[in-house]
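Quick note: the sequence shown, position 88, residue 88 per UniProt numbering, numbers continuous. All remarks here apply to the structure that follows.
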Amino acid sequence: MLFLTGSPGTGKTVMLVLKARVWLQEGEHVYVTCLDRDALAAACLIISQLRQMAPDAAGRIHLLDMRKLYGQATMSRALRDVVLNVGGKLNIIADEVDGSSDRLKSLCGFIMSDTKVTQFRLWAAGVRSKYLPECLQEVPLTDPLRCPPVVVRKVIKVALRL
């Protein structure tokens, strides 16, 4: 279970999409999960990219919106239904996650305690990683993969003056 951290533009979302694609190629269901308020747009973007990359796997790509679930008991009930539907295997992608989120802690708590989960894979990403649950391994991404368009335009202007 990994938690990718890094500044914007370091490739966190790209890594999540690529990992989800691998799981889809293995024939698995992938649950793109919203844990926090600001995560829905990122989740929809990931789902859209996955559907373009693997159109034959569209029925195995799911949105799991957990933004309104509070407490481990409520989350456990929702996740138990998902686990039963996929035979105990749970593959979760979560972007724009606050590492200290109570929902993230509840998700990890459910996974560690539910006996019906036979296989669990979680890849999450966010800018902040303070107070990560112990079940997650932090992987910092430090090198930018892309540059904001504003910076590119300024660099081009400067380069044209030289």
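From the three backbone atoms N, C-alpha and C, an ideal C-beta is built for every residue, glycine too.
- For A20, the closest alpha carbon among the candidates R67, E96, V127 and I46 is that of I46.
- Looking at the DSSP output, H62 sits in a beta bridge with Y31.
- P140 has T5 as its beta-bridge partners, per DSSP.
- Just so you know, the alpha carbons of Q52 and G87 end up roughly 26 Å apart.
- Excluding its 5 nearest sequence neighbours in each direction, K89 has C-beta neighbours in its own chain below 7 Å: E28, T118 and Q119, listed in chain order.
- With 16 or more other Cβ atoms from the protein chains shown falling within 10 Å of its own Cβ, S101 counts as buried.
- Sequence-distant partners of Q49 (beyond 5 residues in either direction) whose C-beta falls short of 8 Å from its own C-beta, in its chain, are V17.
- Within the DSSP bridge table, the entry for R121 names N91 as partners.
- Assignment of G99 by DSSP, reduced to helix, strand and coil, places it in the coil class.
- Taking a contact to require three or more Cβ pairs closer than 8 Å, the segment 22-37 and the segment 146-162 do not qualify as touching.
- Within a 10 Å sphere around the beta-carbon of V150 sit fewer than 16 other beta-carbons, which makes this residue exposed.
- About 6 Å separates the CB atoms of M66 and T33; that is less than 8 Å, so the two are in contact.
- Taking the Cβ atoms as the reference, V127 lies roughly 7 Å from S7, within the contact range of under 8 Å.
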